[in-house]
Amino acid sequence: MRAHTLHTAVAALVAGLLAVSLAGCGGDGEADTESFSVGLLLPNTVTPRWEHSDKPLIEKRLKELCAGCTMVYANAENDAARQRQQMISMITNGAKVLILDPADSKALRSSIMEADRAGVPVIAYDRLADGPISGFVSFDGAKVGRLQGQALLRAMAQRGDGSNVVMMNGDPSSANAEWFRRGAMSVLAGGAKIARSYETTGWSPENAHANMSAAISALGADRIDGVLAANDAIAAGVISAFKKAGVKRLPPITGQDADLEAVRRLVKGEQYMTVYKPFEKEAAAAAAMAVALGRGEDVRDVSTTQTDSPTHKDIPSILLTPTLVTVGDIEKTVIHDGVFTVQQICPPRLRPGCGRVGLIG
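Going by the numbering used here, the first residue of the sequence shown is number -1, and it counts up by one from there.
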């Protein structure tokens, strides 16, 4: 009964429903008496979503699905060695399931194997990891890259300046970085010239700034017609490099995650687009998997597809659909879904810009 209820919840989420009925979940009263610990391991604090959205959303959903469950949390601060120690500590202290967003998709393999030997299933969250993963929850990374590539080509065509693109990829230690890049290149390969390509260690704005500064120095700002920035933190570093170089008319720049500052940059016209990924759906899917595994149920009852990693095939997975956001999409996406209010997006300094784009009267 409980497995059926969790499957129904996740199916509703994938269909786009944010509110999932809990009717029948633990209806026999057993769920209220169950108690086990779920470990949540997130990769960094550079990306605002981890602390501001994913952590509280996962904890909330776990409590809704399993009133007696507790969550133990750790952030790796972009340090794979630290994350390995955090995993070991959670296993030692009795965590029954781990939800892991790896700081390094390959380096955590031995720790995942250790968890497997200890009988502690690991759910890869947002980023796939090597090793015996029991489940995977993410947004479709290839679709993310395609949305970025398609938007960039469209923006460059509208400006008519040229087709030279600088690729500002993510951290090579993350499986997602290559996933995004492949998706973007499937679109860009026929319509753009890749003038330079960089990897951004730690997904940090500072490293993105340094890489973009190098590209501007090598190519000249006037020969950069678009920038494929893998996420919003990288986009921030790209924009700061152009500003430091004295560039007034920025080329189209992509992003991902719909961070508040990124949405504000859309309003200001500094960033062309971002990718909105409703984190509530992702968090709810991960919580459903964790509860199913903690109760000893078959995680395939809550998965919707399968994914292959470099080390394992047919990993039960839930891959959600991302959404393109340009300035004209803000109201019907992040405002409509309650992620941000107009007041948050439009502080006094941005009110003129918000008026120009129709967010305020």
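Ideal Cβ placement from N, Cα and C applies to all residues, glycine included.
Rounded to the nearest whole angstrom, the CA to CA distance from Val185 to Glu57 is 37 Å.
By the criterion of at least three beta-carbon pairs nearer than 8 Å, the region 143 to 157 is in contact with the region 236 to 253. With 16 or more other Cβ atoms from the protein chains shown falling within 10 Å of its own Cβ, Gln81 counts as buried.
Residue pairing from DSSP places Gly133 in a beta bridge opposite Ile121. For Gly200, same chain residues with a beta-carbon under 8 Å away, outside a window of 5 residues either side, are Asn42, Val44, Asn76, Asp169 in chain order. Boundaries of the alpha helix (DSSP H) around Asn209: 203 to 217. In the three-state reduction of the DSSP assignment, Thr331 falls in the helix class. Counting C-beta atoms within 10 angstroms of its own C-beta, Ala79 has fewer than 16 neighbours from the protein chains shown and is therefore classed as exposed.
In the DSSP assignment, Glu49 falls outside any beta strand (DSSP E), carrying neither H nor E. The Cβ neighbour count for Gln341, taken over all protein chains shown within 10 Å, is under 16; the residue is labelled exposed.
A direct Cα-Cα distance of roughly 37 Å separates Ile86 from Val332. Exclusion of the five residues before and after Leu258 leaves Pro46, Phe338, Gln342, Ile343 as the residues of its chain whose Cβ lies within less than 8 Å of its Cβ.
Distances from the alpha-carbon of Ile192 to those of Gly356, Met165, Arg180 put Met165 closest. Straight through space, the alpha carbons of Val70 and Val163 are spaced by roughly 43 Å. Three or more Cβ pairs closer than 8 Å define a contact, and the region 263 to 274 falls short of that threshold against the region 283 to 297.
Its chain contains Ile121, Gly133, Val135, Val297, Val300 as the residues whose beta carbon lies nearer than 7 Å to that of Met287, once the 5 sequence neighbours on both sides are disregarded; these appear in chain order.
According to DSSP, residue pairing for Lys191 in a beta bridge involves Asn162. For the 7 Å CB-CB criterion, Ala182 and Gln146 form a contact.
Secondary structure of Gln304 (DSSP, three-state): strand. Taking the CA atoms as reference points, Ala227 sits about 27 Å from Gly353. Pairing Asp312 with Pro276, the inter-Cα distance amounts to about 25 Å. Per DSSP, the unbroken alpha helix (DSSP H) holding Val261 starts and ends at 258 to 266.
Taken atom to atom, the span from the alpha-carbon of Ser315 to that of Ala216 is near 42 Å. Distance from the CA of Val36 to the CA of His334, rounded to the nearest whole angstrom, comes to 31 Å. Taking the CA atoms as reference points, Arg347 sits about 19 Å from Lys246.
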